[in-house]
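Quick notes on the structure that follows.
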Amino acid sequence: MRLSSLADYAVVMLAAAARHCGASCRLNATLLANETGLPLPTVQKLVSKLSAAGLIESARGTGGGFRLARPPAAISLAEIVEAIEGPIALTVCVDSGRHDCAVEGNCRVKPHWGVVSDAVRSALAQVSLASLSGPPALAGVAAPVHGHAPSLPDLSSSPSPVLAGESQVSF
1179 MRLSSLADYA VVMLAAAARH CGASCRLNAT LLANETGLPL PTVQKLVSKL
1229 SAAGLIESAR GTGGGFRLAR PPAAISLAEI VEAIEGPIAL TVCVDSGRHD
1279 CAVEGNCRVK PHWGVVSDAV RSALAQVSLA SLSGPPALAG VAAPVHGHAP
1329 SLPDLSSSPS PVLAGESQVS F
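Numbered by the working numbering, the letters in the sequence shown go through residues 1179 to 1349 in order.
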């Protein structure tokens, strides 16, 4: 499964907007195109799609531009993806109204694809724009609790990796 370039660019663009000022100030497409390296026509197209989906508010004219419609913590990755890609459906048989599968009549997996699509959407819904616009979390490290820094795992006593065909020798 892979997102389209346009969905990826929408996430990049909105993360840059969140880093700038969240939902509190107006930005323009030229500024975000320059900051993200995205072509200006692409940013303009995304502004239109994201505005239609209610994720950003845009205004034309003097003092115009756009801003996030809600705080970054209240915008999910699922909402961004769906604004660009449409509803999350991993197979055509989950997409209501489409019946172009050659094995649809005999498929015993079809009833399960809806559950799988819902699980993927739920996972994407758990990721906020705020988390995508901040520094990346360290894998396997607990998040800070009440202002305390996370502790890194102690790797000093971990055994050294052994490549296939080698034996581990201790001194």
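Quick reminder that beta carbons are idealized off the backbone N, C-alpha and C, glycines included. What you are looking at is a predicted structure, and each value in this text was computed from that prediction instead of being measured.
Other residues of its chain near residue i: CB distance less than 6 Å, five sequence neighbours each side excluded
{"i": "R1204", "result": "G1243 and R1245"}
{"i": "L1310", "result": "A1193"}
{"i": "G1312", "result": "none"}
{"i": "L1210", "result": "M1191, A1194 and V1221"}
Assumed close pair residue i, residue j - CB separation to whole angstroms, cut-off 8 Å
{"i": "A1303", "j": "S1254", "result": "5 Å"}
{"i": "S1182", "j": "I1262", "result": "7 Å"}
{"i": "M1179", "j": "L1307", "result": "Their Cβ separation, rounded to whole angstroms, is 21 Å, which puts M1179 and L1307 out of contact at 8 Å."}
{"i": "A1188", "j": "L1228", "result": "6 Å"}
{"i": "T1208", "j": "V1190", "result": "Wrong, their Cβ atoms sit about 16 Å apart, outside the cutoff."}
{"i": "L1233", "j": "A1247", "result": "6 Å"}
Classification of residue i by the beta-carbon crowding that lies within 10 angstroms, buried from 16 upward
{"i": "L1216", "result": "buried"}
{"i": "P1265", "result": "exposed"}
{"i": "P1219", "result": "exposed"}
{"i": "R1299", "result": "buried"}
{"i": "C1271", "result": "buried"}
{"i": "A1230", "result": "exposed"}
{"i": "P1289", "result": "exposed"}
{"i": "A1185", "result": "buried"}
{"i": "P1314", "result": "exposed"}
{"i": "V1225", "result": "buried"}
{"i": "V1221", "result": "buried"}
Span of the alpha helix (DSSP H) around residue i
{"i": "L1268", "result": "Neither: L1268 is in no alpha helix (DSSP H) and is coded neither H nor E."}
{"i": "R1245", "result": "First-last for R1245: G1243 to L1246, but that is the beta strand (DSSP E), not the alpha helix (DSSP H)."}
{"i": "R1197", "result": "S1183 to C1199"}
{"i": "R1180", "result": "Segment: none, R1180 is in no alpha helix (DSSP H) and carries neither H nor E."}
{"i": "E1282", "result": "Unbroken run through E1282: none, as it is neither H nor E."}
{"i": "I1258", "result": "L1255 to E1263"}
{"i": "Q1304", "result": "No alpha helix (DSSP H) holds Q1304; DSSP gives it neither H nor E."}
Start-to-end residues for the beta strand (DSSP E) that takes in residue i
{"i": "S1236", "result": "I1234 to A1237"}
Option nearest residue i by Cα separation, candidates the options
{"i": "N1206", "options": "E1260, L1184 and E1235", "result": "E1235"}
{"i": "H1198", "options": "A1237, P1249, K1223 and G1239", "result": "P1249"}
Close-in-space but distant-in-sequence residues of the same chain around residue i (CB under 7 Å, 5 per side omitted)
{"i": "G1292", "result": "V1272"}
{"i": "V1305", "result": "S1254 and L1255"}
{"i": "S1295", "result": "I1266, A1267, L1268 and V1272"}
Nonlocal neighbours in the same chain, by C-beta distance under 8 Å from residue i, ignoring five residues either side
{"i": "E1282", "result": "C1271 and K1288"}
{"i": "E1344", "result": "In this prediction, E1344 scores a pLDDT of 43, lower than 50, which makes its location untrustworthy; no coordinate-derived value is stated."}
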